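K.L.:
Taken in sequence, the protein lines are chains A and B.
First residue of the first sequence: 116, per the working numbering; consecutive thereafter.
First residue of the second sequence: -15, per the working numbering; consecutive thereafter.
Heads up, the beta-carbon is just placed ideally off N, CA and C, and yes, glycines get one too.
Bear in mind that the values here come from a model prediction, so they are computed numbers and not experimental data.
A single structure is presented below for examination.
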Amino acid sequence: EAQVTQNPRYLITVTGKKLTVTCSQNMNHEYMSWYRQDPGLGLRQIYYSMNVEVTDKGDVPEGYKVSRKEKRNFPLILESPSPNQTSLYFCASRIQGGGKNEQFFGPGTRLTVL
Amino acid sequence: KNEVEQSPQNLTAQEGEFITINCSYSVGISALHWLQQHPGGGIVSLFMLSSGKKKHGRLIATINIQEKHSSLHITASHPRDSAVYICAVNGISGAGSYQLTFGKGTKLSVIP
């Protein structure tokens, strides 16, 4: 089954404790992206990756890091989480270019930073 | 940076009604997406449009590039259509075409 998986699905942590949210897709998609969703602000793009070893900032990259060492994985790293990073996070992937750029979203990770 | 506006913010409809959700954006785009987010939180892509019109079952999406406007229509609405509908756009070229800017969503409730 074609899918995007994220782990963990729920996480409660404390300020300053480094964490990684994993994202993996099994569709051989070149493009992957991370978003956060907050009440009243909607979805906003954090980082995206056009292919292995190619990443770029979205609208709200501060406080986050990403890496793309393999095509299928795109982890989101919070080196020193703060309460303002409490949010619902989505990973997504799609085929690069052409007309087929429907995005496939992961199930979401609800993060609470105390 | 593109500004994406959706209307209405909230919509309540009786089962069977014809529903329209609107999306407008401020600068040129390469593609527009309609997404559906269910109460459980999962997001599903409904349509990707760069021109014209697309239909899938009871859902129809249209886009007018000159007017910078898109509409999502639901015919014969059903309570299972209750969800948040989100419009999103890709920029027109270069790095912008890889970035996605979202509207704040329209919350639809369909009452039996």
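(1) Does the distance from the C-beta atom of B/Ser29 to that of A/Gln218 stay below 8 Å?
(2) For the pair the segment 48 to 58 of chain B and the segment -3 to 15 of chain B, tell me if three or more CB-CB distances fall below 8 Å.
(3) Have a look at B/Ile95 and B/Gly0 and give me their C-alpha separation to the nearest angstrom.
(4) From this set, B/Ser35, B/Leu(-5), B/Gly89, which residue's C-alpha is nearest B/Ser14's C-alpha?
(5) Mind pulling the chain B residues with CB within less than 9 Å of A/Tyr146?
(6) Under a three-way DSSP split, which group does A/Tyr162 fall into?
(7) How many Å lie between B/Ile49 and A/Glu116 at the Cα?
(8) Chain A partners of B/Lys38, CB-CB under 7 Å?
(9) When you compare each of A/Arg187, A/Pro176, A/Cys206 to A/Pro230 by their alpha carbons, which one comes out closest?
P.N.:
The structure says:
(1) yes
(2) yes
(3) 9 Å
(4) B/Ser35
(5) Tyr82
(6) strand
(7) 35 Å
(8) Those within 7 Å of B/Lys38 in chain A number zero; the least Cβ separation is about 11 Å.
(9) The first residue shown for chain A is 116 and the last is 229, placing residue 230 of chain A beyond what the model contains.
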